[in-house]
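The numbering of the sequence shown is our numbering, which starts it at 4 and goes up by one. Everything below concerns the one structure shown next.
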Amino acid sequence: MINLRQYDESLFEFVLEANNMNKPKVGAVDKKKLQSLIDQTNYCKVAFYNDTPGGFLLCLPEKISYDSKNYEWVSERYKNFIYIDRIAVIKDFQNKKLGTALYSDLVNYSKKEQYDIILCEVLIFPPNHGSIRFHKRFDFVECGSQFTEGGTKQVQFFYKDI
(Lines of atoms letter the chains of each structure in order from A and count residues from 1; the text may use other names and numbers.)
(Lines give C-alpha, C1' and ligand atoms only; values in the text may rest on other atoms or scores of the structure.)
Protein backbone atom coordinates (compact mmCIF):
# COMPACT_ATOMS: atom_id res chain seq x y z
CA MET A 1 0.00 0.00 0.00
CA ILE A 2 1.29 3.47 -0.94
CA ASN A 3 1.05 6.37 1.47
CA LEU A 4 2.33 9.89 0.77
CA ARG A 5 3.63 12.01 3.62
CA GLN A 6 4.58 15.64 3.74
CA TYR A 7 8.33 16.00 4.18
CA ASP A 8 9.56 16.71 7.70
CA GLU A 9 13.06 16.86 9.21
CA SER A 10 12.92 13.22 10.30
CA LEU A 11 13.01 12.27 6.59
CA PHE A 12 16.09 14.34 5.69
CA GLU A 13 18.59 11.45 5.69
CA PHE A 14 16.22 9.28 3.64
CA VAL A 15 15.77 12.00 1.01
CA LEU A 16 19.53 12.60 0.85
CA GLU A 17 20.28 8.89 0.49
CA ALA A 18 17.51 8.24 -2.05
CA ASN A 19 18.65 11.21 -4.11
CA ASN A 20 22.29 10.20 -4.22
CA MET A 21 21.50 6.53 -4.87
CA ASN A 22 19.85 7.65 -8.11
CA LYS A 23 22.71 9.66 -9.61
CA PRO A 24 23.43 10.38 -12.40
CA LYS A 25 19.70 10.27 -13.24
CA VAL A 26 19.25 12.76 -10.41
CA GLY A 27 21.89 15.36 -9.67
CA ALA A 28 23.95 14.61 -6.57
CA VAL A 29 23.50 16.85 -3.52
CA ASP A 30 25.30 17.28 -0.25
CA LYS A 31 23.53 18.10 3.01
CA LYS A 32 23.93 21.85 2.57
CA LYS A 33 22.49 21.91 -0.96
CA LEU A 34 19.61 19.63 -0.03
CA GLN A 35 18.76 21.80 2.96
CA SER A 36 18.77 24.87 0.72
CA LEU A 37 16.34 23.17 -1.67
CA ILE A 38 14.09 22.07 1.18
CA ASP A 39 14.09 25.60 2.57
CA GLN A 40 12.73 26.87 -0.77
CA THR A 41 10.41 24.02 -1.71
CA ASN A 42 6.68 24.47 -1.95
CA TYR A 43 6.05 20.75 -2.49
CA CYS A 44 8.09 17.91 -1.02
CA LYS A 45 6.53 14.56 -0.28
CA VAL A 46 7.86 11.13 0.54
CA ALA A 47 6.18 7.98 -0.78
CA PHE A 48 5.97 5.06 1.61
CA TYR A 49 5.32 1.51 0.47
CA ASN A 50 3.98 -0.70 3.26
CA ASP A 51 5.20 1.88 5.80
CA THR A 52 8.76 1.98 4.38
CA PRO A 53 10.00 5.12 2.62
CA GLY A 54 10.69 4.35 -1.01
CA GLY A 55 10.85 7.63 -2.91
CA PHE A 56 10.36 11.37 -2.84
CA LEU A 57 9.41 14.31 -5.03
CA LEU A 58 10.74 17.83 -4.46
CA CYS A 59 9.41 20.82 -6.42
CA LEU A 60 10.18 24.51 -6.47
CA PRO A 61 8.09 27.60 -7.22
CA GLU A 62 9.10 30.33 -9.64
CA LYS A 63 11.10 33.39 -8.61
CA ILE A 64 13.50 31.78 -6.16
CA SER A 65 17.26 32.08 -5.91
CA TYR A 66 18.61 28.79 -7.23
CA ASP A 67 21.95 28.30 -8.95
CA SER A 68 20.75 25.87 -11.60
CA LYS A 69 21.10 26.22 -15.37
CA ASN A 70 17.97 24.12 -15.83
CA TYR A 71 15.87 26.18 -13.42
CA GLU A 72 17.21 29.32 -15.09
CA TRP A 73 16.16 27.99 -18.53
CA VAL A 74 12.63 27.33 -17.28
CA SER A 75 12.39 30.68 -15.45
CA GLU A 76 13.34 32.63 -18.57
CA ARG A 77 10.50 31.06 -20.57
CA TYR A 78 7.55 30.38 -18.27
CA LYS A 79 5.44 32.04 -15.60
CA ASN A 80 3.14 30.69 -12.88
CA PHE A 81 4.81 27.30 -12.83
CA ILE A 82 5.85 24.62 -10.40
CA TYR A 83 9.19 23.02 -11.22
CA ILE A 84 10.01 19.39 -10.52
CA ASP A 85 13.57 19.70 -9.30
CA ARG A 86 14.07 16.07 -8.38
CA ILE A 87 12.28 12.79 -7.97
CA ALA A 88 13.95 9.61 -6.82
CA VAL A 89 12.67 6.13 -6.10
CA ILE A 90 14.95 3.58 -4.46
CA LYS A 91 15.65 0.57 -6.70
CA ASP A 92 13.80 -1.94 -4.49
CA PHE A 93 10.66 0.21 -4.78
CA GLN A 94 10.73 0.92 -8.50
CA ASN A 95 7.81 -0.37 -10.59
CA LYS A 96 5.52 -0.24 -7.56
CA LYS A 97 3.71 2.96 -8.69
CA LEU A 98 5.37 5.30 -6.18
CA GLY A 99 6.29 7.76 -8.93
CA THR A 100 2.75 7.61 -10.28
CA ALA A 101 1.31 8.33 -6.82
CA LEU A 102 3.68 11.27 -6.31
CA TYR A 103 2.95 12.78 -9.74
CA SER A 104 -0.81 12.32 -9.37
CA ASP A 105 -0.65 14.11 -6.03
CA LEU A 106 1.48 16.89 -7.56
CA VAL A 107 -1.07 17.42 -10.35
CA ASN A 108 -3.86 17.74 -7.75
CA TYR A 109 -1.73 20.13 -5.66
CA SER A 110 -0.93 22.22 -8.76
CA LYS A 111 -4.62 22.54 -9.64
CA LYS A 112 -5.49 23.53 -6.07
CA GLU A 113 -2.71 26.14 -6.00
CA GLN A 114 -3.75 27.38 -9.48
CA TYR A 115 -0.48 26.85 -11.28
CA ASP A 116 -0.68 27.00 -15.06
CA ILE A 117 2.03 24.48 -15.79
CA ILE A 118 4.33 21.81 -14.34
CA LEU A 119 7.89 21.80 -15.72
CA CYS A 120 10.83 19.41 -15.46
CA GLU A 121 13.85 18.13 -17.32
CA VAL A 122 15.11 14.64 -18.08
CA LEU A 123 18.59 13.55 -19.10
CA ILE A 124 18.76 12.57 -22.75
CA PHE A 125 22.56 12.34 -22.84
CA PRO A 126 23.32 10.06 -21.20
CA PRO A 127 19.76 8.89 -21.82
CA ASN A 128 17.22 8.17 -19.11
CA HIS A 129 14.71 6.25 -21.24
CA GLY A 130 12.56 5.16 -18.28
CA SER A 131 12.00 8.75 -17.17
CA ILE A 132 11.18 9.89 -20.70
CA ARG A 133 8.53 7.14 -21.01
CA PHE A 134 7.16 7.96 -17.55
CA HIS A 135 6.71 11.65 -18.35
CA LYS A 136 5.07 10.93 -21.70
CA ARG A 137 2.59 8.59 -19.96
CA PHE A 138 1.70 11.56 -17.74
CA ASP A 139 1.05 13.71 -20.84
CA PHE A 140 4.18 15.82 -20.48
CA VAL A 141 5.24 17.42 -23.77
CA GLU A 142 8.78 18.25 -24.91
CA CYS A 143 9.52 21.98 -24.93
CA GLY A 144 13.26 22.39 -25.41
CA SER A 145 16.69 21.09 -24.54
CA GLN A 146 20.13 22.27 -23.50
CA PHE A 147 23.61 20.98 -22.83
CA THR A 148 25.00 21.36 -19.32
CA GLU A 149 28.17 20.58 -17.39
CA GLY A 150 30.48 21.61 -20.20
CA GLY A 151 28.58 19.64 -22.80
CA THR A 152 28.86 16.31 -20.97
CA LYS A 153 25.10 16.18 -20.31
CA GLN A 154 22.02 17.12 -22.29
CA VAL A 155 18.56 17.55 -20.84
CA GLN A 156 15.15 17.57 -22.48
CA PHE A 157 12.59 19.91 -20.91
CA PHE A 158 8.99 18.83 -20.53
CA TYR A 159 5.81 20.64 -19.53
CA LYS A 160 2.32 19.64 -18.52
CA ASP A 161 -0.56 22.10 -18.69
CA ILE A 162 -2.77 22.17 -15.62
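Heads up, the beta-carbon is just placed ideally off N, CA and C, and yes, glycines get one too. What you are looking at is a predicted structure, and each value in this text was computed from that prediction instead of being measured.
Those runs of the alpha helix (DSSP H) which lie wholly inside the region 60-95 and span at least 4 residues
Segments of the alpha helix (DSSP H) lying fully in the region 60-95: 72-80.
Once the 5 residues before and after residue 123 are set aside, which same chain residues still bring their CB inside 6 Å of it?
Residues 87, 161 of the same chain have their beta carbon placed closer than 6 Å to that of residue 123, with the five preceding and five following residues left out of the count.
Would you report the Cα separation of residue 152 and residue 128, rounded to the nearest angstrom?
Taking the straight line joining both Cα atoms gives about 11 Å.
Verify whether the separation of the beta carbon atoms of residue 7 and residue 108 is less than 8 Å.
In contact: residue 7 and residue 108 (Cβ atoms closer than 8 Å).
If you drop the 5 nearest sequence neighbours on each side, which residues of the same chain put their C-beta closer than 8 Å to that of residue 142?
Non-local C-beta neighbours of residue 142 in its own chain, meaning closer than 8 Å and more than five positions away in sequence, comprise 163, ordered along the chain.
C-alpha distance - residue 77 paired with residue 147, whole-angstrom precision
Cα atoms of residue 77 and residue 147: separation of roughly 10 Å, rounded to the nearest angstrom.
Look at residue 38 and residue 67 and say whether their C-beta atoms are less than 8 Å apart.
Going by C-beta atoms, residue 38 is not nearer than 8 Å to residue 67.
Using 8 Å for Cβ pairs, my map puts residue 10 next to residue 62. What's the rounded Cβ distance?
Contact flag wrong, Cβ pair sits at about 11 Å.
Expressed to the nearest angstrom, what Euclidean distance is found between the alpha-carbon atoms of residue 72 and residue 158?
Taking the straight line joining both Cα atoms gives about 11 Å.
Could you check what DSSP says for residue 97 in three-state terms: helix, strand or coil?
Residue 97 carries a coil assignment under DSSP once its states are collapsed to helix, strand and coil.
Best match in 49, 155, 126, 82 for proximity to residue 96 [C-alpha to C-alpha]:
The shortest Cα separation from residue 96 among 49, 155, 126, 82 belongs to 49.
How many whole angstroms separate the CB atoms of residue 101 and residue 133, which I take to be in contact at a CB cut-off of 8 Å?
With 8 Å as the limit, residue 101 and residue 133 do not qualify as a contact, their Cβ atoms being about 13 Å apart.
Can you give me the start and stop residues for the beta strand (DSSP E) that residue 157 sits inside?
In this chain, the beta strand (DSSP E) harbouring residue 157 covers 156-164.
Specify the secondary structure class of residue 50 as computed by DSSP and reduced to three states.
Looking at residue 50 - three-state DSSP - the assignment turns out to be strand.
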